[in-house]
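Trainee:
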Amino acid sequence: MLTKLDSHKHNSHARLDRMNPIKRQPSGPEPVWRDGTPDWAALERTSRPSAPSSRPQPGPVIIPSTLPLPHPAQQKSQIEVEAIQPVFENPWLTYEAIVVISQGQSVFLARHRKDKATLVDIHLLKQQFSSIKPLLETINQTSHPSFLGLVGCYCWEEQVFLVREPVELSVSHILASRCTITEDEIAAIVRPVLGGIQYLRGHGRALAALSADTILLTELGGVRIGE
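Residue numbers (UniProt numbering): 1 to 227.
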């Protein structure tokens, strides 16, 4: 089911296929798309909360840690990544929406208009960039494989669109299903989460909250921490 556990991968995918509810199902009537651009009026009319939800979020809530920093020799080197810079243009010129993942939170599964194989989750934040800038800086400063990857950030018409790597479901989906989880699979979920927590501690930060809703799984079984 999870990365680095090849012996369980095929069995885990079979389990996930039997889960109910599974994967990305719109929580209401499908909106009308205009050349891959969401019809916002239709979304407002049909919007209602769904549960459980994979709930991809802008990023985990990270706060300064009250614990002492570990010795520098115990800290893992920070992963070098290119900081995501905002792009001030319409994101729907680059991506086309496929389906609403969570209407209550305006999260879309989308694909690149030129590279159709590239799928992303796009999270719409109805806020100006000035209020999102601290969040973007935090995401850039805490890049780690255990956290939901940020692909891009678009600012358009006083709204911010965060483009994230796509996720399939949360641990809440697994707990709500009849799927049996082995100890190895539980360990494979917990290990990346602990790695992310350790990474934050090494940089004087900590998660404000962690729950089954905020532990997300990708299509290939990768574990990510969201909000």
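Ideal Cβ positions, reconstructed from N, Cα and C, are used throughout, including at glycine. Bear in mind that the values here come from a model prediction, so they are computed numbers and not experimental data.
1) Count the CB pairs spanning the stretch 158-171 and the stretch 214-222 that are closer than 8 angstroms, and state whether there are at least three.
2) Three or more C-beta pairs under 8 angstroms: does that hold for the stretch 91-98 against the stretch 106-126?
3) Short of 7 angstroms in beta carbon distance, which residues of its chain neighbour F129, apart from the five on each side in sequence? Order them along the chain.
4) Ignore the nearest five residues each way along the sequence and tell me which others in L148's own chain have a CB closer than 6 angstroms to its CB.
5) What does the alpha-carbon distance come out to for the pair I132 and I174?
6) In this structure, how does DSSP classify H173 when only helix, strand and coil are distinguished?
7) Can you tell me the Cα-Cα spacing of H71 and V193, whole angstroms?
8) Please give me, in chain order, every unbroken run of the alpha helix (DSSP H) with length at least 4 that falls completely inside the UniProt domain "Protein kinase" (95-227).
9) Am I right that residue 228 and I101 are in contact with their C-beta atoms under 8 angstroms? What's the rounded C-beta distance?
10) Taking a contact to mean a Cβ-Cβ separation below 8 angstroms, would you say S177 touches D213 in this structure?
11) Just how far apart, CA to CA, sit L210 and I189?
12) Should L207 go down as buried or exposed, given a rule of 16 or more other Cβ atoms within 10 Å for buried?
Mentor: Let's see:
1) yes
2) yes
3) P86, C155, V160
4) R164, R224, G226
5) 32 angstroms
6) helix
7) Confidence is the limiting factor: at H71 the pLDDT is only 45, short of 50, which leaves the residue's position unreliable, though a coordinate-based value still follows. When rounded, the distance between both Cα atoms is 21 angstroms.
8) 129-141, 171-176, 183-202
9) Given a span of 1 to 227 for the chain in the structure shown, any question on residue 228 remains unanswerable.
10) no
11) 13 angstroms
12) buried
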